[in-house]
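K.L.:
Residues 50 to 365 in this note's numbering are what the sequence shown spells out, letter by letter.
Where a beta carbon is used, it is the ideal one built from N, C-alpha and C, also for glycine.
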Amino acid sequence: MVKTILRKLLNLILYPFRIIIKLLISLLKRLKFSIAFKISTTYLILYIIIIMTVALTTSVGYLIFELQKFEDTTAAMDSEKILSSFPGFNNIDVKEESYNSFEIFDSNLNTYFTTGRLGRYADSIIVIAEKIIYDNEYVHSESFTKNGALYYMNISYPMEDMLRDAWRISFMVLISGAIGLMFFAPIVSSTSYKLIVPIKNMTEITKTITVNNINTRLDVKGTEDELKELSETFNEMMDRIEGGYKTQQQFVSDASHELRTPIAVIKGYVNMLDRWGKDDKAVLEESIEAIKNETENMQDLIEKLLFIARSDRSTL
């Protein structure tokens, strides 16, 4: 029962920390910080949470151990002594005992005998936890049978010394964690920066890539990790872009060459018309026919170029 009480008490204490962690993670996602800062902050928060959790679990573990030992020794002896003096309890002087008070209740949970002020049978986790938190008392509860009748008993023990020792343990753990944080923080900061150095290098290299140095590639040497895979994927993409760019350049060059011939022919016949076409009908007819033919050739060439362009875009 002691373990159940303290376990639920621990979950209740840790609940606010879980909420704080969720809020901090949400805040880091919303605010614009560098990756290194986010990594460092996340690890430092986790470190602090771990230290606080260790402090709590250590102190709670200490309380569980001490209360369990207390139940098996002191509480068992006091319970036996109280039951041996039932029903008058004449030979018991509470001032000389290790406990603060004890109460006896009948089967209907009505007070049969009391030396304290609790006034109700405390066997629920909530009531016992309240006594620990607010009164610094631990309530031992048990039932017994006398003369065929069922009775219940509470024995209240002071917990000041035990709680003081638990707080001291927590404080020592927190101090140790704070000292460790002084060494851990710069290590985390340095490690986080080293983690993003490859990303910064990739960013700087990609900023320098232009038409004039389209063959620039990211360095894929180093450890086998996700960044190397990303670099290889980026290089493969740049290979495809460079190939497409060179194909486009060749396409423009070939198209310009093919269009140069008919344009030169048309220009020549236009000059002929300008000189002799007005007076020479034969020259006029020849020039018009040649211009028509070259225009048709240009139109045919343009249709072929459009066909190739559509094919490259996979829209044919």
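(1) For the alpha helix (DSSP H) containing V176, list its first residue and its last residue.
(2) State yes or no: is the C-beta of E191 within less than 8 Å of the C-beta of M202?
(3) Less than 8 Å between the CB atoms is what I'm expecting for M347 and L308, so what's the real figure, rounded?
(4) Since L93 is in the beta strand (DSSP E), which residue starts that stretch and which ends it?
(5) Go through its chain and collect everything with a Cβ distance to F135's Cβ below 7 Å, but skip five positions before and after it.
(6) By Cβ distance, which residues of its chain are closer than 8 Å to Y269, with the 5 residues on each side in sequence left out?
(7) Is A2 helix, strand or coil when you go by DSSP?
(8) What does a CB cutoff of less than 7 Å around T123 pick up in its chain, not counting 5 residues either side in sequence?
(9) Taking the alpha carbon of G226 as the reference point, which residue from L322, L95, I88 and S83 has its own alpha carbon closest?
(10) Roughly how many whole angstroms lie between the Cα atoms of E209 and F154?
(11) Check the C-beta distance from S89 over to S305 and give it rounded, since I have them as a contact under 8 Å.
(12) Hey, quick one: how far does the beta strand (DSSP E) through P207 stretch, first residue to last?
(13) Just the C-alpha distance for D142 and F151, rounded to the nearest angstrom, thanks.
(14) Three or more beta-carbon pairs under 8 Å between the region 97-116 and the region 210-218, yes or no?
(15) In the structure shown, what three-state DSSP assignment does Y187 receive?
(16) Looking at the structure shown, is Y161 part of a helix, part of a strand, or coil, going by DSSP?
(17) Within 8 Å of any Cβ in chain E, is that where the Cβ of Y242 sits?
(18) By the DSSP assignment, the alpha helix (DSSP H) with S305 in it spans what residues?
(19) E146 by DSSP, collapsed to three states: which one?
(20) Counting Cβ pairs, one atom from each stretch, are 3 or more of them under 8 Å apart for the region 333-343 and the region 310-317?
(21) Please report the distance separating the alpha-carbon of K130 from that of Y183.
P.N.:
For this structure:
(1) For this step, residue 176 is matched to residue 127 along the sequence shown. Counting along the chain, the alpha helix (DSSP H) containing V176 begins and ends at I174 to D184.
(2) Here residue 191 corresponds to residue number 142 of the sequence shown, with the count starting at 1. Here residue 202 corresponds to residue number 153 of the sequence shown, with the count starting at 1. Contact flag set, yes.
(3) Numbered from 1 along the sequence shown, position 298 holds the residue referred to as residue 347. Numbered from 1 along the sequence shown, position 259 holds the residue referred to as residue 308. Contact flag correct, Cβ pair sits at about 7 Å.
(4) Here residue 93 corresponds to residue number 44 of the sequence shown, with the count starting at 1. L93 -> not in any beta strand (DSSP E); alpha helix (DSSP H) instead, spanning I84 to F119.
(5) Here the question's residue 135 lines up with position 86 in the sequence shown. For F135, where only same-chain residues beyond five positions count, the Cβ hits under 7 Å are K195.
(6) Here the question's residue 269 lines up with position 220 in the sequence shown. Checking the displayed sequence, the identity of residue 269 turns out to be Val instead of Tyr. The answer, listed in chain order, is K277, S280, E281 and N284.
(7) The chain is shown only over 50 to 365; residue 2 falls outside these bounds and no answer can be derived.
(8) Stepping through the sequence shown from its first residue, residue 123 is reached at position 74. Answer for T123: S147, listed in chain order.
(9) As a first step, residue 226 is located in the sequence shown; it is residue number 177 there, counting from the start. Here the closest residue by C-alpha is L95.
(10) As a working mapping, residue 209 is identified with position 160 in the sequence shown. As a working mapping, residue 154 is identified with position 105 in the sequence shown. Each residue's Cα considered, the two are about 26 Å apart.
(11) For this step, residue 89 is matched to residue 40 along the sequence shown. For this step, residue 305 is matched to residue 256 along the sequence shown. Not really, about 56 Å apart at Cβ, beyond 8 Å.
(12) Taking the first residue of the sequence shown as 1, we reach residue 207 at position 158. A198 to P207 is the span of the beta strand (DSSP E), which, as asked, contains P207.
(13) Stepping through the sequence shown from its first residue, residue 142 is reached at position 93. Stepping through the sequence shown from its first residue, residue 151 is reached at position 102. Taking the straight line from one Cα to the other gives about 11 Å.
(14) yes
(15) What you label residue 187 is simply residue 138 of the sequence shown in a count that begins at 1. Y187: strand per DSSP, three-state reduction.
(16) Looking up residue 161 in the sequence shown gives position 112. DSSP places Y161 in strand when its eight states are reduced to three.
(17) Annotation note: the requested chain E is absent from the structure, which comprises a single protein chain.
(18) Translated into positions along the sequence shown, residue 305 becomes position 256. Residues E275 to M321.
(19) Locating residue 146 in the sequence shown gives position 97, where the first residue counts as 1. Coil at E146, not helix or strand.
(20) yes
(21) Start at 1 with the first residue of the sequence shown, and residue 130 comes out as number 81. Start at 1 with the first residue of the sequence shown, and residue 183 comes out as number 134. C-alpha separation (whole angstroms): 28 Å.
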